[in-house]
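Peer 1: Each residue of the sequence shown is one higher than the last, beginning at 44 in our numbering. Heads up, the beta-carbon is just placed ideally off N, CA and C, and yes, glycines get one too. Following this message is one structure expressed as C-alpha cells.
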Amino acid sequence: MKQIQPKSLFVASCLALLVTSLSFGIRAGILGQLGVQFHLNAQELSIIAGTAFWGFPLAVVLGGFIVDAIGMKRLLIAAFVLHLLGIVLTVATPYFSSGFWPLFISTLFIGMANGTVEAACNPLVATIFPDNKTTKLNHFHLWFPGGIVVGALVVFLFKEIGMADLWQLQVGLMIIPTLLYGYLFSKLEFPVTERVAAGVSNAQMYRSVTSGLFIFMFICMFGTSITELFTNQWIEILLKNVTENGILILALTAGVQVLGRAVAGPIVHRLSPSGVLFISAILSALGLYLMGSQSGNMLFVAAVVFGLGITYFWPTMLGFVSENIPESGALGMNLMGGAGMFAVSIYMMFMGGFYDNIIGKNLPAGATMDAFRSAAPGTAEATAYAQAQAVAGPEIINVTLVIPIVLIVAFGGLYFYMKGRNKQLLQTA
Numbered sequence: 044m045k046q047i048q049p050k051s052l053f054v055a056s057c058l059a060l061l062v063t064s065l066s067f068g069i070r071a072g073i074l075g076q077l078g079v080q081f082h083l084n085a086q087e088l089s090i091i092a093g094t095a096f097w098g099f100p101l102a103v104v105l106g107g108f109i110v111d112a113i114g115m116k117r118l119l120i121a122a123f124v125l126h127l128l129g130i131v132l133t134v135a136t137p138y139f140s141s142g143f144w145p146l147f148i149s150t151l152f153i154g155m156a157n158g159t160v161e162a163a164c165n166p167l168v169a170t171i172f173p174d175n176k177t178t179k180l181n182h183f184h185l186w187f188p189g190g191i192v193v194g195a196l197v198v199f200l201f202k203e204i205g206m207a208d209l210w211q212l213q214v215g216l217m218i219i220p221t222l223l224y225g226y227l228f229s230k231l232e233f234p235v236t237e238r239v240a241a242g243v244s245n246a247q248m249y250r251s252v253t254s255g256l257f258i259f260m261f262i263c264m265f266g267t268s269i270t271e272l273f274t275n276q277w278i279e280i281l282l283k284n285v286t287e288n289g290i291l292i293l294a295l296t297a298g299v300q301v302l303g304r305a306v307a308g309p310i311v312h313r314l315s316p317s318g319v320l321f322i323s324a325i326l327s328a329l330g331l332y333l334m335g336s337q338s339g340n341m342l343f344v345a346a347v348v349f350g351l352g353i354t355y356f357w358p359t360m361l362g363f364v365s366e367n368i369p370e371s372g373a374l375g376m377n378l379m380g381g382a383g384m385f386a387v388s389i390y391m392m393f394m395g396g397f398y399d400n401i402i403g404k405n406l407p408a409g410a411t412m413d414a415f416r417s418a419a420p421g422t423a424e425a426t427a428y429a430q431a432q433a434v435a436g437p438e439i440i441n442v443t444l445v446i447p448i449v450l451i452v453a454f455g456g457l458y459f460y461m462k463g464r465n466k467q468l469l470q471t472a
C-alpha cells in the first residue's frame with residue numbers, strides 16, 4: 044500500500060486551486076472583450092460570469108454529501124475532467140454560431156470543477172493538518188488570489204503588447220497546471236476524511252449543521268463571499284471608465300491577499316478567528332467606500348485597504364467552522380463554500396441588470412443602449428456611453444458597501460460571544 048504524503052497532497056491541492064483562481068482572473072480580465080466580440084450586454088455577461096458561481100455550489104454541496112462515501116481522490120479526478128472540458132469549450136467558442144451558450148456551458152463546467160476542487164481539497168487540508176487547520180487553510184487559499192494575480196497580469200501583458208485579441212491563448216494557458224494537478228492526484232494515496240477517521244456518525248454531522256452557530260456562519264458567508272468575489276470578478280467593468288488600469292487594481296488587491304494569507308498563522312493565533320473576521324469586515328467596508336468615492340492614484344490605496352479586508356474572509360470562515368463545529372466535517376465546510384458562491388451568483392445576476400438600468404438612465408432621452416454600446420470610438424455616442432459607465436460602476440460599489448457594514452455588526456457580536464464562551468469553558472475545565 045502506498046504511503047500518504049501530506050506535502051505532495053498539499054502541493055497538488057494548491058495547483059488545483061491555482062487553476063480555479065486563474066479561471067476567475069483571466070475571465071475577469073477578458074469579460075468586457077467577450078461582450079464586444081460576441082455582442083453581449085452587461086446582463087448577459089453577468090449571467091455568464093455568474094454561472095461559475097452557481098456551478099460551484101452545485102458541485103461543492105453535492106461533493107460535501109458524497110465525499111465521505113466515494114473518497115476525495117475520485118472527486119478530484121472529476122474536477123480535472125471538468126476543468127479540461129471547460130477550457131477547451133471556451134477556446135472553441137468562436138466556432139459556434141452564437142457566443143452566449145458556449146460561454147455559458149463552458150463557464151458552468153469550470154464552475155463545477157472549481158466547486159469539486161473545494162469539496163475535496165478543503166477537507167483534505169483539514170485532515171492532513173489536524174492541529175493547524177485555520178492557518179493551513181489560509182496557506183492553501185493564498186493560491187486563489189495568487190492565481191488571480193497571475194491571470195490579471197497575463198491579461199494586462201497581452202493588452203500592453205497589443206495582443207489582447209488573443210484571449211483564447213490566455214484561457215488555454217490554464218491547461219498546463221490542470222494537467223499537472225491531474226497527474227499528481229492520480230498517483231498519490233489519499234487518507235479518509237477527518238470525520239470518518241474520528242468515527243462521527245451521520246446523525247451527529249447533520250445535527251451540527253443545524254446548530255445556531257453554524258446557521259449564523261452560513262448566513263454570514265453570503266456577505267463575505269459577495270464582498271470579496273463579486274467585487275473582484277467585476278472590478279474591470281465597474282472601474283472601466285474611472286481608471287485605465289482596472290485590471291491592475293484587481294492584481295494589487297489579490298497580491299495583498301497572497302501576502303496576508305502567507306503570514307496568517309501569527310495573526311489568527313493572536314486575534315482569534317472571530318477577531319480576524321471582525322477587523323476584516325471593518326477594512327472591507329472602508330476599502331469599498333474608498334473605491335466608490337475616489338479616483339486616480341487613490342484607487343490603488345483603496346485596493347490595498349480592500350485587499351487587507353477580504354484577505355482572511357473565505358479561509359477563516361471555513362477554519363472557524365472546522366475548529367468550532369468539528370462534527371460538521373466535510374459537509375459543513377462544503378455547505379459554507381456552496382452558500383458563499385450561490386449568494387454571489389444571485390447577486391451578480393441581479394447587479395448585471397441594475398448596472399444596465401443605471402447606464403440607461405444616464406444616456407440621452409430616447410436613446411437605445413445597443414446603439415450607444417456599439418458606437419465607434421471617438422463618436423458622441425461612445426463618449427456618452429463611457430460617461431454613463433463611469434457613473435454606474437461606483438454606484439454599484441456603493442450599493443455593495445452595505446454588506447460589509449452589516450458584517451461589522453455581525454462579527455462584532457460573534458467576537459464577544461466567542462470570548463464569553465471560551466472564558467466559560469476555561470472556568471468549567
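Decide if F476 is buried, meaning its Cβ has at least 16 other Cβ atoms within 10 Å, or exposed.
Peer 2: No answer is possible for residue 476: it lies beyond the span of the chain, which begins at 44 and ends at 472.
Peer 1: Using three-state DSSP, classify F415 as helix, strand or coil.
Peer 2: The answer is helix: DSSP assigns F415 an H, G or I state.
Peer 1: Could you tell me whether the segment 205-219 touches the segment 303-312, using the rule of 3 or more Cβ pairs below 8 Å?
Peer 2: With a cut-off of 8 Å, the segment 303-312 and the segment 205-219 do not count as touching, because too few Cβ pairs lie within range.
Peer 1: For C263, which residues from the same chain have a beta carbon less than 6 Å from its beta carbon, with the 5 sequence-adjacent residues on both sides left out?
Peer 2: Excluding positions up to five away in sequence, the list reads A453.
Peer 1: Please state the DSSP three-state secondary structure of Y249.
Peer 2: In the structure shown, Y249 sits in a helix (DSSP, three-state: H, G or I).
Peer 1: Looking only at its own chain, which residues have a Cβ that is under 8 Å from the Cβ of I120, when we skip the five neighbours before and after it?
Peer 2: Result list for I120: G225, F228 and S229, in chain order.
Peer 1: Answer yes or no: do P188 and A297 have a C-beta to C-beta separation smaller than 8 Å?
Peer 2: Cβ atoms of P188 and A297: closer than 8 Å.
Peer 1: Could you pull out every unbroken alpha helix (DSSP H) segment of at least 4 residues lying fully inside the segment 199-287, listed in chain order?
Peer 2: The qualifying runs are 210-215, 218-230, 237-241, 245-251, 255-268 and 274-281.
Peer 1: When we look at the beta-carbon of E271 and count the other beta-carbons within 10 Å, is it buried (16 or more) or exposed?
Peer 2: E271 comes out buried.
Peer 1: Here's the rule: buried if 16 or more other CB atoms are within 10 angstroms of the residue's CB, otherwise exposed. What is E203?
Peer 2: Counting Cβ neighbours within 10 Å, E203 comes out exposed, since fewer than 16 surround it.
Peer 1: Within the present structure, is the beta-carbon of A297 separated from the nearest heavy atom of the ligand ADP by less than 7 Å?
Peer 2: Judged by which ligands are present, the structure shown has none, so any question about the ligand ADP falls away.
Peer 1: Since P49 contacts N181 with CB under 8 Å, what's their CB separation in whole angstroms?
Peer 2: Actually they do not touch by this definition, with Cβ atoms about 17 Å apart.
Peer 1: Please work out which residues of its chain come closer than 7 Å, Cβ to Cβ, to K179, disregarding the five sequence neighbours upstream and downstream, and give them in chain order.
Peer 2: Answer for K179: V168 and F172, listed in chain order.
Peer 1: Whose C-beta lies closer than 7 Å to the C-beta of V239 among residues of the same chain, with five residues either side of it excluded?
Peer 2: Hits under 7 Å: D111.
Peer 1: Just the Cα atoms here: how many angstroms apart are G362 and T177?
Peer 2: Going by the C-alpha atoms only, they are around 4 Å apart.
Peer 1: Measure the C-alpha to C-alpha separation of R250 and V235 and round it to an integer number of angstroms.
Peer 2: Between R250 and V235, the C-alpha separation is close to 21 Å.
Peer 1: For D174, name the three-state secondary structure that DSSP assigns.
Peer 2: The answer is coil: DSSP assigns D174 none of H, G, I, E or B.
Peer 1: Quick one: what does DSSP say I73 is sitting in, helix, strand or coil?
Peer 2: Reduced to three states, the DSSP call for I73 is helix.
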